[in-house]
Every structure is written in structure tokens, then in C-alpha cells.
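Position one of the sequence shown corresponds to residue 56 (this note's numbering), numbered consecutively onward.
Ideal Cβ placement from N, Cα and C applies to all residues, glycine included.
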Amino acid sequence: MKEFHLHLVSDATGETINSVARACVIQFDDVRPIEHFWNLVRTDRQLDLVLEGIRDNHGLVMFTLVDETLRRRLQDFCREMQVPCIPVLDPLINALAAFLGVESQRQPGRQHVLDAEYFSRIDAVDFALSHDDGQSNWDLHEADVVLIGVSRSSKTPTCIYLANRGIKAANIPLVPGSPLPAEVDLLTRPLIVGLTKDPDRLVQIRRNRLKLLNQGEGSSYADPEVVRSEVQEARRLFSRRGWPVIDVSRRSIEETAAEIMMLLARRQSASFSPEGKKT
């Protein structure tokens, strides 16, 4: 395992550079970055601490600073220390500026402005939390997406992820021997998606869940035959209702959410005629 120091420098929350760095590093086997995370770097004093950290731990530097003075100081220092220094957003910003014919505003944290989109995301998170695991079905019709699936099929984390994209998502568990809430039959606006999972993987996850709760494995909750029956019945239900189905067995939460967002986009596109009017 090859280890190396990786300095991530941002003038905002650092979410962007953190995501970009991890997406790049994951493409290399047998390497482990020792991350030094520097966020909200907006003054010379704050940058001094960053430079001191780079001096003490030589390694790759990635940054998303927009202030020209701070950028120049960081790049000049890295050049003197002979360490790579990469402005990760520059190629995209420069390409956009050339394409649009306008200059970027160079404002730190601009993506986190408290605008209507931001409050829409907050509203979606509140909705997901209050409609988790079959709660508050009385206003289920306000959802953009309703996820239905057996226990431990990643419904809740997927809803939270979607909410952070501004999508109102609710989830309803399929409980053996219990019918779905009557409100589901009345839904026309939300996209309803069935989530399923490989029974063997589901058994293991449920067994781990029982151990965390200090409960024995004698419960039918993790019984292989019972779980297999649950999954089969769920698939039959989804087929009868004509709902799209996503098998989350080998998907990350992000991949499942991406599939749902694609289904939403297709549904929205199909609801409009070529003239741009709703059909």
C-alpha cells in the first residue's frame, strides 16, 4: 500500500474538492492518501496555516480558491517546494467563460447561497424525515417519489440522498401480512419505485441488524426462507402494479438515486408533447 500526503484546500465548505479527489484516488489500486483538509481558507492568516502544513508534509495539493492573491501565494509556494498544485475547477470555469462569453464572478462559496433552491432542498429533507418508514401518509400525494420495498432495502438513505438534491421522497415498508396504506392506491402525481435486493445479501444485513440490537437470530426476520418469500412477493406486487423496479444488491446509494432521477426525468419528458405542452 503506497501512502502519500494529499492537501485539499478550499475557500468554501470543501465538499466539491473532497468529492473530486476521492473520485480520482479510487481509480488507483494499493494507494492510500493521508488527507489534510483545509476549508474556509479566505484570509492570508488562514493560508499561512495551509502553507505550514504543506511544508511539514510534502504531497499533492488540490485547491478551489477563487481569490487571485491567495491562489498566487499558494501556487508560488508549491512551486518553491516542488510539489504539484492543481486548480481543479479552472478548466471547467475557463471553458464555461469562453462558451458563454462572460467572466466568472470569483465569489467563494457561491454555490451555497441561501436562495430558493437551497430552501427547496431543506424542505425536501424535512419531507423525507417526516415520511420515513410509512409515516405521515395523509399528504403522500405531495411527494415526487415514493419508494416501496422490504425491510433493509436502502429506502431511507436513498430518500435522504434524493432530498439533498431537492427531490421530495417518501418510503413505505412492505411488511409481511400487512397491506399497503390505502393512500398508495390514490397516488397519481408521485413516481412510485419498487426496491428489491438479493435474498442472501438481505439475510446477512438483517442478521447484522439483529446483532446490533442485541437480539437473537431465531426471529423470522432473518430466516432465509422467509426473506426469500418476502422478496418474491414484493416482486410480484411491483409487477402487478406496473411500478419500475430497482435491484439495489450491487448498487451504492448514489447509483440507486441516479437511476431514480433518470426515471423522473424520463417521466417528466414523456408528459410533454413536442410542442412543449402537457399531454
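Around the Cβ of alanine 153, a 10 Å sphere holds fewer than 16 other Cβ atoms; the residue is exposed. Residue pairing by DSSP puts lysine 57 in a beta bridge opposite Val86.
Bridge pairing for cysteine 140: Val116 [DSSP]. For glycine 232 and asparagine 94, the gap between their C-alpha atoms comes out near 51 Å.
Note that the C-beta distance between valine 75 and valine 121 is not below 8 Å. In the structure shown, threonine 243 falls within a coil segment according to DSSP collapsed to helix, strand and coil. Each residue's CA atom was taken as its position, placing glutamine 137 and proline 146 some 22 Å apart. Residue nearest to glutamine 259 within the set Asp131, Asp278, Gly189, Gly249 is Asp278 (criterion: CA-CA distance).
Taking C-alpha positions only, glutamine 101 is separated from aspartate 66 by approximately 10 Å. Just measuring C-alpha positions, the residue of Glu158, Glu280, Ala218, Met117 sitting nearest arginine 176 is Ala218. Each residue's CA atom was taken as its position, placing proline 254 and arginine 306 some 15 Å apart. Under the DSSP assignment, asparagine 226 falls outside any alpha helix (DSSP H), being part of the beta strand (DSSP E) whose first and last residues are 224-229.
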